[in-house]
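These notes are about the structure you will find just below.
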Amino acid sequence: MLPTVALTALALLPAVQGAPSSSHGVYKRCGAVSKYYGQHQADWDTYDTQGWLDSWWNKNTALMHNNSAGFAGAFGQWAMGNPDWSCRDDGSDTDCDLNLCDNPVLNDRGNDVRPAYYVLESVNRLHTYFSGVREAFNTAALGAALSKDSWATTFYEAKDQQSVVILKEVLAALNTIIGIGISFAGVGLPLLGVSESTTALASAWAGAGAAAYGGGVGAAGLLIGPHADDSFQRSADLGGILGTIVVDSIKSFTTANNQLVGGQEYNNQDIRSYLSHGAFLEFPGVDTNAVTDSITAMLVGTSINQLYRAQKVFIMGGGACGDNQGIGSGPQDAYICRDGKAWYLYYWQENGVISTTSHQWGWVTSPPGVSQLGQNEFSDIPLNVSDIINSSLDAFNVAGYNYTTATAQSRAEDAIAKGWAIPGAHGAAWEGIFTVPVCDVSAAISSSFDLKQFILQPYGHDSRPCWCGPICSGDVQKTKAFIDAANMGGFDSPKHLCKTNPGY
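Right, dumping it as structure tokens:
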């Protein structure tokens, strides 16, 4: 038979499971709140916590107004008897602590215990979210990845030293990317194991995701202004500028945290938008490595894309994976097979010296810097050829050659607000990070174009494609648009050997 002491301990076990312990091995006996431990995100809506919070908010405006800590202080006073529960980001490690197990005020709230507990947990975890975001954006890895001093010389080749990129074109996309990163840190990570087509779960994060995204955009915008008219030459430190803006922009999230927990609005949203649908009810914390990798890849990708868009960099494909369809074969080390179709990444290298050979027309090769991705000083950048192609294809399918920064922001907002995609989970492969011009040459397979067997070519000093017809979708206007987008307007090399004018 078990000793009496052991039987007593077993009798108390259900009451103390999950409860915090006190000193000397003595356990607190939990009250009614313990029944709601192990909460799940769906519980917020199941028990109409949003409606309950709205009602509490409307009835206690005076209490919030009179408490120096605003909403958090007033709610802490009402729910726990603690008017100093501020959850502010002011250096304190204890101002958002929860000791609820045997709290007499909370456990005496009757039917209000469950929703009050859900709100307390959510506010606490939202506070943890802001702390995690700051950590993710201040890591040494992010700074190291962005603070390169050789961006232009690695990813750009030119015949002169003229300015090739207006910095504001990169910065125009920067606030969208930071907004994506902020949203990903809080509401994207819990969905990583879930299909993006599972809209029921994804939509549960939509309100908080949209609020977080908007806050990120606003934060970045504050820091971009002073650099709006900058430009840089080939040797400029683009990475240094980006790194400074990204790291500094996150400082404004101290303000966001404090305004939200204080009951004020941040970017036209109060804390209820962030807590909606239980977005933070079981939030496990920020995966700083995942957020850092995502935001780094997007920022680096955007910067490289601007350099590529100033050169003869393009994507061709649309035929069957494996080729052998009579239109040539592309480089096997720079392609993807997507939905049964092959797509290749190209750079038309112009000959830099006077020549009387066929080399005077240049040749196709790998875009500048691609061979450096994942190598040497760029080994810490999570970006590869498939990201460049996939991102560009998605952008092309949405807006052709007119995927602008406004399009990018609109699409990111829509994806996050409606839950049809998690932009941050894609990193540099997210739609529109790259907008390299795309030409679908599949229509040429059944055409009678002259020299069509040379439309696609592998990389090489002796590889020069021949485009003797409307190669893009079999349409002259689309081919002209592609030629212009790829910076090859007036460039005769692709049609030098054609027997007749191809019409573009």
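Read in order, the letters of the sequence shown correspond to residues -18 to -1, 1 to 486 in mature numbering (1 follows the signal peptide of the UniProt record, and there is no 0).
Quick reminder that beta carbons are idealized off the backbone N, C-alpha and C, glycines included.
Quick caveat: nothing in here was measured; it's all calculated off a predicted structure.
* To do: Excluding the 5 residues preceding and the 5 following residue 47 in the sequence, name in chain order all residues of the same chain whose CB lies nearer than 8 Å to its CB.
  => Working through the sequence shown from its first residue, we reach residue 47 at position 65. Nothing listed; no residue qualifies.
* Asked: Over what stretch of residues does the alpha helix (DSSP H) that includes residue 399 continue unbroken?
  -> Locating residue 399 in the sequence shown gives position 417, counting from the first residue. In the DSSP assignment, residue 399 falls within the alpha helix (DSSP H) that extends over 387 to 400.
* To do: Please name the residue or residues paired with residue 422 in a DSSP beta bridge.
  => Here residue 422 is taken as the residue at index 440 of the sequence shown, counted from 1. Residue 422 is bridged to 299.
* residue 352: first and last residue of the uninterrupted beta strand (DSSP E) it sits in -> What you label residue 352 is simply residue 370 of the sequence shown in a count that begins at 1. It is not in any beta strand (DSSP E) - residue 352 carries neither H nor E in the DSSP assignment.
* Member of 445, 396, 111 and 298 whose CA lies at the smallest distance from the CA of residue 453 -> Counted from its first residue, the sequence shown places residue 453 at position 471. Ranking the options by Cα distance to residue 453, first place goes to 298.
* **Residues of its chain near residue 415, where Cβ-Cβ distance is below 7 Å and the 5 sequence neighbours each way are ignored** => Taking the first residue of the sequence shown as 1, we reach residue 415 at position 433. Closer than 7 Å at the Cβ level, and outside the excluded window around residue 415, lie 280, 283, 284, 287 and 373.
* Asked: Would you call residue 294 buried or exposed, if buried means 16 or more other Cβ atoms sit within 10 Å of its Cβ?
  -> In the sequence shown, counting from the first residue as 1, residue 294 sits at position 312. The residue in question, residue 294, is buried, as its Cβ has 16 or more Cβ neighbours within 10 Å.
* To do: Sort out for me which residues DSSP pairs residue 320 with in a bridge.
  => Position 338 of the sequence shown holds residue 320. According to DSSP, which records beta bridges pairwise, residue 320 is partnered with 323.
* Can you have a look at residue 322 and say buried or exposed, based on whether 16 or more other CB atoms are within 10 angstroms of its CB? => One-based indexing of the sequence shown puts residue 322 at position 340. With fewer than 16 other Cβ atoms within 10 Å, it is exposed.
* What residues are listed by DSSP as bridge partners for residue 330? -> As a working note, residue 330 is residue 348 in the sequence shown. Residue 330 has 346 as its beta-bridge partners, per DSSP.
* Over what stretch of residues does the alpha helix (DSSP H) that includes residue 97 continue unbroken? -> Along the sequence shown, read from residue 1 onward, the residue named residue 97 stands at position 115. From DSSP, the alpha helix (DSSP H) with residue 97 extends over 95 to 119.
* Just grab the DSSP bridge partners of residue 310 for me. => For the purposes of this step, residue 310 is identified with residue 328 of the sequence shown, where counting begins at 1. Residue 310 is bridged to 438.
* Asked: Roughly how many angstroms lie between the CA atoms of residue -6 and residue 355, to the nearest whole one?
  -> Taking the first residue of the sequence shown as 1, we reach residue -6 at position 13. Taking the first residue of the sequence shown as 1, we reach residue 355 at position 373. For residue -6, the pLDDT reaches just 30, beneath the cut-off of 50, and the residue's location in the model is therefore unreliable, leaving the point undetermined.
* To do: Please state if the CB of residue 135 and the CB of residue 267 are separated by a distance shorter than 8 Å.
  => Position 285 of the sequence shown holds residue 267. Position 153 of the sequence shown holds residue 135. The answer is no: Cβ separation not under 8 Å.
* How should residue 459 be labelled, buried or exposed, when 16 other C-beta atoms within 10 angstroms of its C-beta is the threshold for buried? -> Start at 1 with the first residue of the sequence shown, and residue 459 comes out as number 477. The residue is exposed, with fewer than 16 neighbouring Cβ atoms inside 10 Å.
* To do: Could you tell me the boundaries of the alpha helix (DSSP H) in which residue 487 lies?
  => Given a span of -18 to 486 for the chain in the structure shown, any question on residue 487 remains unanswerable.
* To do: Taking residue 12 and residue 78 to be in contact with their CB atoms under 8 Å, please state how far apart those CB atoms are, rounded to whole angstroms.
  => The sequence position of residue 12 within the sequence shown is 30, counting from 1. The sequence position of residue 78 within the sequence shown is 96, counting from 1. With 8 Å as the limit, residue 12 and residue 78 do not qualify as a contact, their Cβ atoms being about 20 Å apart.
* If we ignore side chains and look at the alpha-carbon of each, how far apart do residue 158 and residue 388 end up? -> To locate residue 158, count along the sequence shown from 1; it is residue 176. To locate residue 388, count along the sequence shown from 1; it is residue 406. Each residue's alpha carbon lies about 9 Å from the other.
* Asked: alpha helix (DSSP H) containing residue 256: first to last residue?
  -> Mapped onto the sequence shown, residue 256 falls at position 274. Element bounds for residue 256: 253 to 257.
* Within the same chain, show all residues whose beta-carbon is closer than 6 Å to that of residue 411, passing over the 5 residues directly before and after it, in chain order. => Walking along the sequence shown from the start, residue 411 turns up at place 429. Counting only Cβ-Cβ distances below 6 Å, and skipping sequence neighbours, we find 369, 372 and 373.
* Hey, out of 65, 344, 378 and 272, whose CA is closest to residue 244's CA? -> Here residue 244 is taken as the residue at index 262 of the sequence shown, counted from 1. Residue 244 has its Cα closest to that of 65, out of 65, 344, 378 and 272.
* Asked: What number of angstroms, rounded off, separates the C-alpha of residue 362 from the C-alpha of residue 352?
  -> Within the sequence shown, the letter at position 380 stands for residue 362. Within the sequence shown, the letter at position 370 stands for residue 352. Cα to Cα, the separation comes out at about 14 Å.
* Asked: Excluding sequence positions up to five away, which residues of its chain have a Cβ less than 8 Å from the Cβ of residue 253?
  -> Position 271 of the sequence shown, counted from the first residue, corresponds to residue 253. Closer than 8 Å at the Cβ level, and outside the excluded window around residue 253, lie 53, 105, 108, 242, 243 and 245.
* Is any beta-carbon of chain C found at less than 8 Å from that of residue 41? -> Here chain C cannot be found, since the structure has a single protein chain.
* Simplified DSSP state of residue 18, which is helix, strand or coil -> As a working mapping, residue 18 is identified with position 36 in the sequence shown. Residue state, collapsed to three classes: helix.
* Straight-line CA distance for residue 144 to residue 138? -> By one-based count along the sequence shown, residue 144 stands at place 162. By one-based count along the sequence shown, residue 138 stands at place 156. Because residue 144 carries a pLDDT of 45, less than 50, the predicted location of this residue cannot be relied on, and the following value inherits that uncertainty. Distance between the alpha carbons of residue 144 and residue 138: 12 Å.
* Asked: What is the residue span of the alpha helix (DSSP H) that residue 284 lies within?
  -> In the sequence shown, the residue the question calls residue 284 occupies position 302. 270 to 290 is the span of the alpha helix (DSSP H), which, as asked, contains residue 284.
* **Exposure label - residue 306; buried when at least 16 CB within 10 Å** => As a position in the sequence shown, residue 306 is number 324, starting the count at 1. Exposed: under 16 other Cβ atoms inside 10 Å.
* Asked: In this structure, what does DSSP give as the bridge partners for residue 138?
  -> Working through the sequence shown from its first residue, we reach residue 138 at position 156. In DSSP, residue 138 forms no bridge with anything.
* To do: Closer than 6 Å by C-beta to residue 392: which residues in its own chain qualify, once you throw out the five before and the five after it? Chain order, please.
  => One-based indexing of the sequence shown puts residue 392 at position 410. None.
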